[in-house]
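Numbering (our numbering), first residue to last: 8 to 597. Note sheet for the following structure.
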Ligand code: AMP
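What follows is the structure, given as structure tokens:
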């Protein structure tokens, strides 16, 4: 198919933003398109060569493109001219078309260029890597430009530079496909399903073009093609959740990590992020460890990968996980930032879709297919029946370091690619920071691992309980320490190690070592939560329950000048807790 047809369509589409007109131009284009080219056209329309999850990056530097235009224009002064035109119009594609128009008047076009040729050349360029390939890229581009009309050149350059912005949304493409190949825009919904389970609009287009709407109805999940994830609506309170989804549903911890979609067959594992990017390279540990826990020939699973404190098993916030976002030395990051993989859904198993199974059936299957160990977990779940149940589970989840709860209707299927009320999320509206830092007493320590070996990697901290003259545990802190501060703290704390816990220390939590309560350090935290384990303000807010800091972080300040009796008291912590809840409450009323 001639590239000029596509260039003409691009030209028309560039001149409008109206969805109806765009749809009409697309329908006209698709009607002229042979089956074997339609996928390519659909990708090009979106400025891509392949679906996003394959990670084929189109895009060359402007410098290189200018060089190629000059080469094609065949004069040495061309570079200056191009730069001048570019400055004037701000669009290199347009500048090229003006330069090449001048050339066109003096030479003959050699051959028509086809869409296939443009696509294949762009693909070859995208696959070339490294600095040494610049010249070859330039030769390929100049080759295309030599045979292109000015309008074609304009769009070839826009594709190459990643500046083709036609404003056609996926939905518009699907509307047009439905009209062009089935005569009925309503069939968009069927196309939408195929897109949601494959994330590949080119493949959807090819299927409807070759097999019609019946072919689309039979469209199936393809292992190693990501499924567009199901999303949740937000609710502000337990009460609102019950109003929305009834009296009995599943509550799961909402862990604060990275959503990972795992595609597994034997030892082959591919991981996709929530935005469908292939993230396998960040998690070599998942690739290695998870296949051993799977009891099926092939599966697609969803899990939350969460950073943990290896000493305590506590969940750590999302930011910790981001240390893994690196290309090099990933092995080091894997040991420094350990994770657990917490499974919450199964979408495909032994060659069959599980999407139509309801939540309960999927959860049962998930528990059968994935066996738990230190690394692979089923996300904590319970069936709740009333506000109290939810509240209790909510508090447990927060204390375990999670963000809140996901509430899921028991008899509903998995709706790929849609946000809706089958799933609800319930987070507390936090004040960002407590507003104030706290001065806490160091009472215990845990030996560090990895970079922190030989130091105390995590400290157990306490508030001062004035009435009893004791030090009540309130949190463990393992973040905010530089290498230097860890060394310094070790020097100070090591001489304070005691064989037996000082009787003024009130802690149910165990520690590797206990210290004489003599040192105060400064801590910030995101908020204060109820805690079944910590002893600070125990029984003051709720029976058998204390208070704990969530996401505590060392500020770097060792308060050598402070006596432990000057540390933050439980009275102060109670005031902060109440203030914070008032803010959350007021926000909910707004
Ligand atoms: P949000 O990003 O606030 O819209 O919340 C949705 C995200 O919560 C998902 O994309 C997951 O990464 C994460 N998540 C954590 N725990 C769960 C769970 N139990 N079920 C579903 N998603 C979860």
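C-beta: ideal position from N, C-alpha, C; glycine also. Every value quoted in this text rests on a predicted model; they were computed, and no experiment measured them.
Comparing the CB of residue i with every heavy atom of the ligand AMP, is any distance shorter than 7 angstroms?
i, result
"residue 386", "yes"
"residue 629", "The question about residue 629 has no answer here: the residues shown for the chain are numbered 8 through 597."
"residue 478", "no"
"residue 7", "Absent from the model: residue 7. The displayed extent of the chain is 8 to 597, so no value can be given."
"residue 239", "yes"
"residue 566", "no"
"residue 262", "yes"
"residue 413", "yes"
"residue 402", "no"
"residue 369", "no"
"residue 598", "Nothing about residue 598 can be reported from this structure: the residues present for the chain run from 8 to 597 only."
"residue 281", "yes"
"residue 235", "no"
"residue 331", "no"
"residue 266", "yes"
"residue 311", "yes"
Can you tell me whether DSSP reads residue i as helix, strand or coil?
i, result
"residue 447", "strand"
"residue 276", "strand"
"residue 268", "strand"
"residue 439", "At residue 439, the pLDDT of 37 sits below 50, so the modelled position is not reliable; the number obtained from the coordinates is stated separately. In the structure shown, residue 439 sits in coil (DSSP, three-state: anything other than H, G, I, E or B)."
"residue 361", "coil"
"residue 5", "Past the boundaries of the shown model lies residue 5; the chain is included only from 8 to 597, so the question cannot be answered."
"residue 404", "helix"
"residue 10", "helix"
"residue 532", "coil"
"residue 176", "coil"
"residue 582", "helix"
"residue 155", "coil"
"residue 32", "helix"
"residue 459", "helix"
"residue 290", "coil"
"residue 412", "strand"
"residue 573", "helix"
"residue 501", "helix"
"residue 38", "helix"
Would residue i and residue j be called neighbours here (beta carbons separated by less than 8 angstroms)?
i, j, result
"residue 185", "residue 178", "no"
"residue 164", "residue 257", "no"
"residue 420", "residue 364", "yes"
"residue 482", "residue 431", "no"
"residue 346", "residue 310", "no"
"residue 65", "residue 190", "no"
"residue 466", "residue 484", "yes"
"residue 259", "residue 412", "yes"
"residue 230", "residue 272", "yes"
"residue 480", "residue 543", "yes"
"residue 372", "residue 353", "yes"
"residue 20", "residue 180", "no"
"residue 228", "residue 234", "yes"
"residue 304", "residue 357", "yes"
"residue 284", "residue 60", "yes"
"residue 428", "residue 240", "yes"
"residue 488", "residue 561", "yes"
If I'm right that residue i touches residue j with Cβ under 8 angstroms, what's the distance once you round it to whole angstroms?
i, j, result
"residue 448", "residue 471", "7 angstroms"
"residue 52", "residue 173", "6 angstroms"
"residue 302", "residue 425", "About 30 angstroms; that fails the 8 angstroms criterion."
Using only the heavy atoms of the ligand GTP, determine whether one of them is closer than 7 angstroms to the beta carbon of residue i.
i, result
"residue 571", "Summarising the ligand content, the structure contains the ligand AMP and does not contain the ligand GTP."
Under 8 angstroms, with one C-beta from each stretch per pair, do the stretch 246 to 261 and the stretch 201 to 208 reach the 3-pair mark?
no
Please determine if the stretch 503 to 521 and the stretch 368 to 385 are in contact, where contact requires at least 3 C-beta pairs separated by less than 8 angstroms. no
Kindly confirm or deny that the stretch 272 to 279 and the stretch 449 to 460 touch, where touching means at least three C-beta pairs closer than 8 angstroms.
no
- Message: Three Cβ pairs or more, each shorter than 8 angstroms: is that satisfied between the stretch 388 to 403 and the stretch 314 to 334?
- Response: no
- Message: Does the structure place the stretch 499 to 512 close enough to the stretch 578 to 587 that three or more beta carbon pairs sit under 8 angstroms?
- Response: no
Checklist entry - For the 8 angstroms Cβ check, are there 3 or more pairs between the stretch 43 to 59 and the stretch 120 to 131? => result yes
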